[in-house]
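Read through the structure below, which is laid out as structure tokens, and then see the notes.
Numbering (UniProt numbering), first residue to last: 1 to 534.
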């Protein structure tokens, strides 16, 4: 309805404008015809503009209106064109040329190039979103309960690996450190006892060897007088002395028994005492050898147990996240209350992007206090539509370009590392992930970017820049430079295309010169000529 009213109003205005008074003489005719010719040229240009503005109206209405405007213009002001068909509706299928002086090419932006024959790699453009590198982000939680004693960083600060972040006063950490300190003392004592026992066992073993060989007791005492043997010296030497005394008594009585000075009964008693002394002495040797072995095993076991307690206490502190330097330097006498301090350090170099900790605050293991992210790399997330899923297999490990409105004229590169395995049932898309370098921190997580994905190359085809393709009344065509100032409209059949290139399946040969820039000007002159012929 609106278009019909506009057509009627414009037609009425043109009708009134077209009526002019009849001249009384030739001079008046000349004076009135000059301005009308000027307005005729203006009307022709106006017809072209209105034809473009009414391109969304029902087919033929804008052309009919423009034709009505152009029909009122004098024939001498219409653009020149060569149309082989007299039927304007068939003009798009006939050979049509338009002329534009070469002197006007530059101002009109006319550019000419030849079609290229190469593999067509369709580029898929889609919107992606920058996110944090999920492999380089750390949500910091304290491992123990406690009170914040110190906050060493601020929001947005870049921290280095192992840099101090906060210090927490923790009773649990203090208790664990004291347990380790006590375990170390016990371990040291056990090692000292084991060392003494091994020394005592070695010295006593040498004495046992000498006694088994029944060396002279005076020689034995002299040889081992400075050796540490504890009570074993007295127990062994006293038994050995008793045995030697009983043996001497037997030897003495046997020497005088032949003279009848002693009775056989006395000699028998002496021999009995000797045998008993020998048995006691040998039993003492065996008992002490057993005790030595047992004592050495006990002290060695005590050392192992003490070392185990040290290892357990040390591991407990490591689980809590205590540093090795703190674990090694535990000293309650020197550190005092500071022994309960628990340091939280940065796991890697990054930026503090979230901070929820203040001095004196009570913290728990289930409460996040900091978030640190490495922003030197970021992820690019994009959703691939179902029709483009076959492309994903060829994208894994490849690089692509993307741009951001925040940095016009600058292109970034990302590398695909995940092509998705599950399709979202709601959006019918598959999630793709890529990683991009961000050393200058230009890319901010949360930004939207435009991604250009390379598709798989096909066979060699004829391609022209997408800007060279013109459209009118549902038909696609290009302008071919046919010589001098002449350009021929050539209907073409376009196959696949993207924002930059279009595949020409029919209508243009590879050796022809095609207008790749300024085609709209030629299209305007062509439409002006068509309307003038009507």
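Ideal placement from N, C-alpha and C gives every residue a C-beta, glycine not left out.
Please read all numbers here as calculations on a predicted model, not as lab measurements.
Checking 7 Å against the spacing of the C-beta atoms, do residue 478 and residue 492 come in under that value? yes
For residue 208, collect the residues of the same chain with a Cβ closer than 8 Å to its Cβ; drop the 5 residues on either side in sequence, then sort them by chain order. 236, 285, 288 and 289
Using the three-state DSSP reduction, which class does residue 553 fall into: helix, strand or coil? One cannot answer for residue 553 here, as it falls past the ends of the chain, which runs 1 to 534.
Would you tell me roughly how many angstroms separate the C-alpha atoms of residue 201 and residue 229, rounded to the nearest one? 7 Å
Backbone secondary structure at residue 49 - three-state DSSP: In this prediction, residue 49 has a pLDDT of 41, which is less than 50 and means its spatial position is unreliable; what the coordinates show is noted afterwards. Residue 49 falls in the helix class under three-state DSSP.
Every unbroken alpha helix (DSSP H) within the segment 425-512, with a cutoff of 4 residues, ordered by chain: none
Cα separation between residue 194 and residue 330? 25 Å
Under the assumption that residue 125 contacts residue 401 (Cβ atoms under 8 Å), give the Cβ distance between them as a whole number of angstroms. Not quite, the Cβ-Cβ distance comes to about 11 Å (not below 8 Å), so this is no contact.
Using a 10 Å radius around the Cβ and a threshold of 16 neighbouring Cβ atoms, would you call residue 274 buried or exposed? buried
Nearest neighbour of residue 539, chosen from 148, 303, 109 and 178 [CA to CA]: Since the first residue of the chain shown is 1 and the last is 534, residue 539 is not available in this structure.
From residue 518 to residue 393, what does the alpha carbon distance come to, in whole angstroms? 40 Å
By a C-beta neighbour count over all protein chains shown, 10 Å radius and 16 as the cutoff for buried, is residue 341 buried or exposed? buried
Might you give, ordered along the chain, the residues of its own chain that have their beta carbon closer than 8 Å to the beta carbon of residue 280, omitting 5 neighbours on each side? 239, 242 and 243
With respect to the alpha helix (DSSP H) encompassing residue 99, which residues constitute its N-terminal and C-terminal limits? Per DSSP, residue 99 belongs to no alpha helix (DSSP H); it is in the beta strand (DSSP E), 96-99.
Status (buried if at least 16 other CB within 10 Å, exposed otherwise) for residue 140: buried
Write down the C-beta distance between residue 131 and residue 445 rounded to the nearest angstrom, noting that I regard them as a contact closer than 8 Å. 5 Å
N-terminal and C-terminal residue of the beta strand (DSSP E) that residue 258 is part of: No beta strand (DSSP E) contains residue 258, which DSSP labels as neither H nor E.
Can you give me the Cβ contacts of residue 486 inside the same chain, cut-off strictly under 8 Å, excluding the 5 residues immediately before and after it? 97, 98 and 99
From residue 467 to residue 108, what does the alpha carbon distance come to, in whole angstroms? 15 Å
Validate contact between the segment 352-368 and the segment 176-189 using beta carbons, cut 8 Å, 3 pairs: no
Continuous beta strand (DSSP E) stretch holding residue 118: start and end: 116-119
I think residue 434 touches residue 449, with their Cβ atoms under 8 Å apart; what is that distance to the nearest whole Å? Contact flag wrong, Cβ pair sits at about 11 Å.
Is it buried or exposed, residue 390, if we count other Cβ atoms within 10 angstroms and call 16 or more buried? exposed
Are residue 176 and residue 307 touching if we call contact CB-CB under 7 Å? no
Using beta carbons (cut-off 7 Å, strictly below), is residue 142 in contact with chain D? The chain inventory of the structure shown lacks chain D, comprising one protein chain alone.
Residues in its own chain within less than 7 Å of residue 360 by CB, not counting five upstream and five downstream? 147 and 148
Distance, residue 192 Cα to residue 145 Cα: 38 Å
Are the Cβ atoms of residue 380 and residue 414 separated by less than 7 Å? yes
Quick one: what does DSSP say residue 518 is sitting in, helix, strand or coil? coil
Can you tell me where the beta strand (DSSP E) holding residue 400 begins and where it ends? 399-403
Going by the beta-carbon positions, is the gap between residue 115 and residue 508 smaller than 7 Å? yes
What three-state label does DSSP hand residue 317 in the structure shown? helix
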